[in-house]
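Protein chains in written order, with the working numbering: chain F, 1 to 171; chain E, 172 to 636; chain D, 637 to 1262.
We put the beta carbon where it would ideally sit given N, CA and C, even for glycine.
Only a predicted model underlies this, so the values are computations on that prediction, with no experimental measurement involved.
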Amino acid sequence: MEISNIWYFLSALTLLSALMVIMSKNPIHSVLYLVFTFFCISAHYVLLNAQFLMAVNIIVYAGAIMVLFLFVIMMFDLKKNIPESKSSLTKLAGSVVAGTLLVILIAIVRKNNIPAPLGDKFNSQTGMVENLGQVLYGEFLLPFELVSILFFVAMVGAVLLGKREAGERNF
Amino acid sequence: MTAIIALSLFGISNLFLGFWFPRKTIQLVTLLFLVVSMALTVSDWNHELLWFGNMFRTTNTSINFSLIIQLAAFFVVAFSKAFGQDDEHTHPAEYYAIMLFSVVGAILMVSFDHMIVLFVGLEILSVAMYVLTGSDKRNLRSNEAAIKYFLMGSFTTGFLLFGITLVYGATRSFYISNIGTILTTTAPESMPSFLFIGVLLIIVGLLFKVSAAPFHFWTPDVYEGAPTIFTMFMSTIVKTASFAALFQLVSGIFGSLYTVWVLPVYFISMLTLVVGNISAVYQQSVKRMLAFSSISHAGYLILTVSSKQISTTSSILYYSLSYTLATVVAFAVLILVSEYQSARVEKPENFSSFEGLAKNNPGLALCFSISMLSLAGIPLTAGFWGKFFIFSDTFSRNIIYPVILAILMSAVGIYYYFKGIIAVYLKAGEIEKIEVPTLFKMALWACTLGTIILGIYPSLVKSVF
Amino acid sequence: MSLLLLIPLLPLIGFAINGLAYPKLSKSIAGIVGTIPPLVAFVISLQLFLNFDGQTQIIQLADWIKVADLSIPFAFQIDALSIMMLLVITGVGTLIHLYSMGYMAHDAGFGKFFSFLNLFIFFMLILVLGANFTVLFIGWEGVGLCSYLLIGFWNQKNSYGDAARKAFIMNRIGDLGFLVGIFLLIQEFGTTDYQTIFSTIKDGTEVGNIGLIAFCLFIGAMGKSAQIPLFTWLPDAMAGPTPVSALIHAATMVTAGIYMVIRANALFELSPEVLHFVGWIGLATALLGAAIGLFQNDIKKVLAYSTVSQLGYMFMGLGASAYTASFFHVMTHAFFKALLFLGAGSVIHAMSDEQDIRKMGGLKSKMPITYLTFLLGTIAISGIPPFAGFFSKDEILAALYHHDFAMWCLAILGSALTSFYMFRVFILTFWGDFRGTEKQAHHLHESPWSMTIPLIILAVFSVGGGLINLPHFAGGNEFLAHWLAPILPEPHEVGEVSFFSLEMGAPLVAAFLPAIFAIYYFGIQKAVPGNDESVQGIQKVIYRKFYIDEIYDFVFVRPIQVLSTFFAQVIDFLVIDLIVEGVGKTVKTASDEIRKAQTGNVGYYIFMMVLSIALILVLTLRSRIL
């Protein structure tokens, strides 16, 4: 089988499962579809020669985060909190616009011959931990450190928002 | 450059200080931190350098933008009144720390030389803003605003990232300078067309942050829902930083693709001007009016992006500074008045709660009026020169109709800004003397004075920029 | 240089202090604060005068207006002319400030009065110091404003306010001409700078529209210096306090027009037709003013018409290119007219604000100093030698004699009228028996020292002021003529004048005969003008000021009123109500509609965003899709 056929199959699978995330009525199903989507994306990483990223994606997103999601959703009493669904007209308008955007993007891109990948530079070790570490702590040191600030902000923010507040209102 | 390291460390140490010190001290220490970081920023003056593997660039322009951002942060901290009176239950250190971190993000956005740095900076700023918007936990509107901001923000971040990816795909580089060289040396016909999609999507992502129409819908709701002090933060720092990033990208590396983005930018600026100004007319709430006013100011600024004159950079800097000073004062007075009125009237942020302010609080009334005048662009205030420079720059590029529209719209602006002045001075109302903390008062007068000095003698800073 | 800046700055500071501290400052302090600035400015001017080396100095203070190629700096120019003007303004100004301390002592608006006076001095100094027409124009407008404020100083009375407005509007008409002149200058020369313009002219460069420029400038001068047809405001301006009349409406501001023409002499010399026009306007004004002055009964009105008439003489001199003579007359006139006004003020003060000379008489014994100084002023203005007025007026007449004989004859007539009406006022006021009420008679007193000292000083100058440009035939060396020579064109050569020629004799006769007649008629016969109703015929026409106010009212004011009613009722409704308010309403409605787009629904917001992005992409990249 051609490698490009695998790619097409995987992409179709990814899109389908992503669509199912937002279309399924049951939130637990949604989460499970999401987990499946992550697996598909991880498979893409493999195709892109990013093995480490694949592993991390499965462990962190599909494993840790999604399990958390599941727990949270299970703790809610979902029967009472079913959001009122949008009217079919809104849905239609939304899909038409999104579809238009998609068509436009495809129309623009397909007019071009996309430059072929540079095969001669291929290195099977590119996606491995060692090489990734070299890049992260070398060339990409600044973004790497900055991302720590980003996470720190998110953490502080989560604590700030999650903490129960006693006393008077502050604002 | 050292400023971002220092500010990150300051942010962390702020969290620790929160354990031991009362809120007043933390506020003062945060101010001190900002002064130190400003000094560090200035120390890079005239050193045009690339740092950290060529990802971070300090130029005099970026230093000026960083200084305006830090100055705005300084005033926001000074106006913060240390977050409530309740000593036992409030934790101002976290707020201040997040503010310091977000300043780091903002500085990254004005001095990036690498797309990833831009993205990370934007995200630091945005995540911090999502948190701060929702920090009034017991207020439903604040929660709603935070979730709206978060949803729409992440949505546009997607567009921005997609744009960056496409540009990377076309040029095979994340480095701004590299992209610039590639774009100028390659003929537009031989570039893949998804490059143009990428450029447009990056522009759209940043236009969302500066709340340009039609990506402005989040602005009024978020500005209104967020605690006023953080609205002040958003409308000055987020706006200045995003605009600086937009300006550097569009007139810098995308400059050679002028014909691609210039028409959308025209139309967006015109639409922004119309939507911002016209919608502001009907608002009853001062806070919402200021939100629309910030949309309309984004419209004026976007107008300059396309002008590409030598003086444009300094005009934008001048405009940002004058806008920052005036906005900060407007929100500060709003904080005082709405706090005073919150126990007395149902909607403390409406124009009606300002009625009769001048009677017992002449100082506050004066500061508020001057800030309104400056926002409206009346001569002898900084706002006038800001508009003047922008219009003349744009005009000298022969961009006629958008300028005419902008001038008409600034006439509309006078209507709603003067509504505030009329409420303060001409309407009768009972407002007793409002107690203003010393630091607050000093910051208020400093900004007002700055507005007037810049209005009388614009070349004072224009020569620096 | 730094000292020079103090000259205009000090009055400004005085204005600021008195203006801000009014009415908290006590009267004595306000008076001192008001008087010291012009005094110090005078001392500095004197020092400048003594150290002046004949070189024109330009002092650049700031870049003021920069538009494209046009650059107008805020600059001062020091030369012979401006130094002389400085001396007159600060000198006479100081005396009048001093006088006001006594005159206004009982007025509630004392501090306000002094702050306005200081502001006036400031603007007047800017006017004469300016190095280009634009700076001059600031001063020009500023003094107009101060004149307006001071004429309407006692604004409790409606008619005073009307007089102030009249002065302001009449001046605005002139200013419009002046402004057009400045714009033309900018168009033709690309600058308003004196030196550049005059050197361009001197180089013989062909420049168009010189005549038109000179004419427009002269229109400005007509307004400010009360020439026909814009003179009617000056007599009404006497509504203001008397020191104001003396300072602004006799000694300084009204001579600004003459100063400006002298300044721009190079322009005027190139357009003889305009100069001719200037001369005839001056002559007409001089005669008209003198004629109206003949039968006026209000002491200040007589002096006002006399001022109009004397200003006419100055313009006549300018018309004959006798710039030195005119400027000489500006100076001597400043002395004796200020003296006469202050004397009149002293009388009015003593008479408890009575201004009608028919109710006065016999004040000689009660107010000896005022009497004596007023007499000296009268003699000076009548042109009786060897007083100051004689020399200056005689120089103008001499120039006219060589310029245009008809003009000279009429000017002699005017001079005779002047002598008559001045002696008439003098005699009716001071000689004979007292004709006022018992109460006034009881109250009569000599004025305090602060008022009499300025009178005495001015009297000395009125007598001896002629020395500054004493002609050769009287043994002088024509100091002023030499002093001003660098900035004026070559004077026309006038032969040696004999004392007994027609040229010399006629003015003397014109000065003495009417004086003697007046002394006989009013002094010895003791004639007193009758009531307003008893005047008849031509005398009534003159007494009513030739009905000029009424004519102006009918020709200009009424049609404008009709027009403005039309505008108020028709245009206002059509344009303001329908269009302007319509725009406002449209904006409001639009606002209400656009506001509804802000639904608060996130899904909708994102929908709009995606739609916009799709639109942007399609519109921008349409050529690449298809």
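So, does the region 941 to 957 of chain D touch the region 1070 to 1087 of chain D, judging by three or more C-beta pairs under 8 Å? no
Secondary structure at VAL843 of chain D, three-state DSSP: helix, strand or coil? As a position in the third sequence, residue 843 of chain D is number 207, starting the count at 1. Residue state, collapsed to three classes: coil.
Inside the region 379 to 429 of chain E only - alpha helix (DSSP H) runs reaching at least 4 residues: 389 to 396, 399 to 404, 410 to 418
In three-state DSSP terms, what is PHE345 of chain E? In the second sequence, the residue the question calls residue 345 of chain E occupies position 174. Residue state, collapsed to three classes: coil.
Taking the straight line between their C-alpha atoms, what separation do you get for LEU1103 of chain D and PRO1022 of chain D? As a position in the third sequence, residue 1103 of chain D is number 467, starting the count at 1. As a position in the third sequence, residue 1022 of chain D is number 386, starting the count at 1. Distance between the alpha carbons of LEU1103 of chain D and PRO1022 of chain D is about 9 Å.
Within the same chain, show all residues whose beta-carbon is closer than 6 Å to that of GLY369 of chain E, passing over the 5 residues directly before and after it, in chain order. Counted from its first residue, the second sequence places residue 369 of chain E at position 198. For GLY369 of chain E, where only same-chain residues beyond five positions count, the Cβ hits under 6 Å are GLY334, LEU337, VAL338.
Limits of the alpha helix (DSSP H) - the one that PRO709 of chain D falls within: As a first step, residue 709 of chain D is located in the third sequence; it is residue number 73 there, counting from the start. From DSSP, PRO709 of chain D is part of no alpha helix (DSSP H) but of the beta strand (DSSP E) over 706 to 714.
Using only CA atoms, which one of D:GLY981, D:ASN791, D:MET1043, D:MET760 lies nearest to PRO1084 of chain D? In the third sequence, the residue the question calls residue 1084 of chain D occupies position 448. Nearest of D:GLY981, D:ASN791, D:MET1043, D:MET760 to PRO1084 of chain D, Cα basis: D:GLY981.
Listing by chain order, which chain F residues have their CB less than 8 Å from the CB of LYS308 of chain E? For the purposes of this step, residue 308 of chain E is identified with residue 137 of the second sequence, where counting begins at 1. The contacting residues are LEU161, GLU165.
Proximity to VAL508 of chain E [Cα-Cα], best of E:THR495, E:ALA529, E:TRP616, E:GLY447: Here residue 508 of chain E is taken as the residue at index 337 of the second sequence, counted from 1. It is E:ALA529 whose Cα lies nearest to the Cα of VAL508 of chain E.
Given a cut-off of 7 Å on the beta-carbon distance, is the pair ASN807 of chain D and GLY859 of chain D in contact? Taking the third sequence and counting its residues from 1, the one referred to as residue 807 of chain D is at position 171. Taking the third sequence and counting its residues from 1, the one referred to as residue 859 of chain D is at position 223. Yes; because the gap between Cβ atoms is below 7 Å, this pair is in contact.
Do we get a CB-CB distance below 7 Å when we pair GLY99 of chain F with the residues of chain D? The sequence position of residue 99 of chain F within the first sequence is 99, counting from 1. No, its Cβ sits nowhere closer than 7 Å to a Cβ of chain D.
Rounded to whole angstroms, what's the CA-CA distance from ALA741 of chain D to PHE1202 of chain D? Just pull it up for me. Against the third sequence, residue 741 of chain D aligns to sequence position 105. Against the third sequence, residue 1202 of chain D aligns to sequence position 566. Roughly 48 Å separates the two Cα atoms.
Determine whether the beta carbon atoms of ALA614 of chain E and PHE250 of chain E lie at a separation below 7 Å. For the purposes of this step, residue 614 of chain E is identified with residue 443 of the second sequence, where counting begins at 1. For the purposes of this step, residue 250 of chain E is identified with residue 79 of the second sequence, where counting begins at 1. Cβ atoms of ALA614 of chain E and PHE250 of chain E: closer than 7 Å.
Taking three-plus beta-carbon pairs below 8 Å as touching, is the region 479 to 499 of chain E in contact with the region 406 to 423 of chain E? yes
Contact check, VAL291 of chain E vs PRO143 of chain F under 8 Å by CB: the rounded distance? Walking along the second sequence from the start, residue 291 of chain E turns up at place 120. Walking along the first sequence from the start, residue 143 of chain F turns up at place 143. 5 Å between Cβ atoms; contact.
ALA599 of chain E, buried or exposed, once every other Cβ within 10 Å from all chains shown has been counted against 16: The residue given as residue 599 of chain E occupies position 428 in the second sequence. With fewer than 16 Cβ atoms within 10 Å of its Cβ, ALA599 of chain E is classed as exposed.
Please list, in chain order, all residues of the same chain as ILE627 of chain E whose beta carbon is under 8 Å from its beta carbon, the five residues on each side excluded. If you number the second sequence from 1, residue 627 of chain E lands on position 456. Within the same chain, ILE627 of chain E has close Cβ partners LEU551.
Is there contact here, the region 379 to 389 of chain E with the region 435 to 454 of chain E, by at least three beta-carbon pairs under 8 Å? yes
Please list the terminal residues of the continuous beta strand (DSSP E) segment that includes VAL692 of chain D. Working through the third sequence from its first residue, we reach residue 692 of chain D at position 56. This sequence places Thr at residue 692 of chain D; Val is not what is there. THR692 of chain D -> no beta strand (DSSP E), and no H or E assigned at all.
Does any C-beta atom of chain F lie closer than 7 Å to the C-beta of GLU265 of chain E? In the second sequence, the residue the question calls residue 265 of chain E occupies position 94. Yes, GLU265 of chain E lies at the interface with chain F (some Cβ there is under 7 Å from its Cβ).
Where do the N-terminal and C-terminal ends of the beta strand (DSSP E) with LEU551 of chain E fall, by residue? Numbered from 1 along the second sequence, position 380 holds the residue referred to as residue 551 of chain E. Here LEU551 of chain E belongs to no beta strand (DSSP E), and DSSP marks it neither H nor E.
According to DSSP, simplified to helix, strand and coil, what is ILE449 of chain E? For the purposes of this step, residue 449 of chain E is taken as residue 278 along the second sequence, with counting starting at 1. If DSSP states are grouped into helix, strand and coil, ILE449 of chain E belongs with the helices.
Consider the Cβ of ILE108 of chain F: report whether some Cβ of chain D lies at a distance smaller than 7 Å. One-based indexing of the first sequence puts residue 108 of chain F at position 108. Yes, ILE108 of chain F counts as interfacial toward chain D.
Between the region 989 to 997 of chain D and the region 1110 to 1124 of chain D, can you find at least three pairs of beta-carbon atoms closer than 8 Å? no
At a CB-CB cut-off below 8 Å, which residues of chain F make contact with LEU1255 of chain D? Here residue 1255 of chain D corresponds to residue number 619 of the third sequence, with the count starting at 1. Result: empty, since nearest Cβ-Cβ is about 11 Å, beyond 8 Å.
Per DSSP, which residues does PHE1153 of chain D bridge with? Please list them. As a working mapping, residue 1153 of chain D is identified with position 517 in the third sequence. None; PHE1153 of chain D has no bridge partner.
To which residues does DSSP link ASN521 of chain E through a beta bridge? Indexing the second sequence from 1 puts residue 521 of chain E at position 350. DSSP output for ASN521 of chain E lists E:SER456 as bridge partner(s).
For ILE22 of chain F, would you say it is in contact with chain D, using Cβ-to-Cβ distances shorter than 7 Å as the test? Mapped onto the first sequence, residue 22 of chain F falls at position 22. No, ILE22 of chain F does not count as interfacial toward chain D.
HIS285 of chain E to PHE227 of chain E span [Cα, whole Å]: Position 114 of the second sequence, counted from the first residue, corresponds to residue 285 of chain E. Position 56 of the second sequence, counted from the first residue, corresponds to residue 227 of chain E. Using only the alpha carbons, I get a separation of about 7 Å.
So for PHE867 of chain D, helix, strand or coil by DSSP? For the purposes of this step, residue 867 of chain D is taken as residue 231 along the third sequence, with counting starting at 1. Correct three-state label for PHE867 of chain D: coil.
Closer than 7 Å to chain F by CB, ALA1250 of chain D: By 1-based counting over the third sequence, the position of residue 1250 of chain D is 614. So yes, ALA1250 of chain D belongs to the interface.
So, GLY1159 of chain D versus ILE1063 of chain D, is the Cβ gap smaller than 7 Å? For this step, residue 1159 of chain D is matched to residue 523 along the third sequence. For this step, residue 1063 of chain D is matched to residue 427 along the third sequence. Going by C-beta atoms, GLY1159 of chain D is nearer than 7 Å to ILE1063 of chain D.
Can you give the Cα-Cα distance for VAL153 of chain F and GLY655 of chain D, rounded to whole angstroms? Position 153 of the first sequence, counted from the first residue, corresponds to residue 153 of chain F. Position 19 of the third sequence, counted from the first residue, corresponds to residue 655 of chain D. Answer to the nearest angstrom: the Cα atoms are 58 Å apart.
How should ALA358 of chain E be labelled, buried or exposed, when 16 other C-beta atoms within 10 angstroms of its C-beta is the threshold for buried? Against the second sequence, residue 358 of chain E aligns to sequence position 187. It is exposed - the Cβ of ALA358 of chain E has fewer than 16 other Cβ atoms within 10 Å.
Is DSSP giving VAL703 of chain D helix, strand or coil here? Numbered from its first residue, the third sequence carries residue 703 of chain D at position 67. Residue state, collapsed to three classes: strand.
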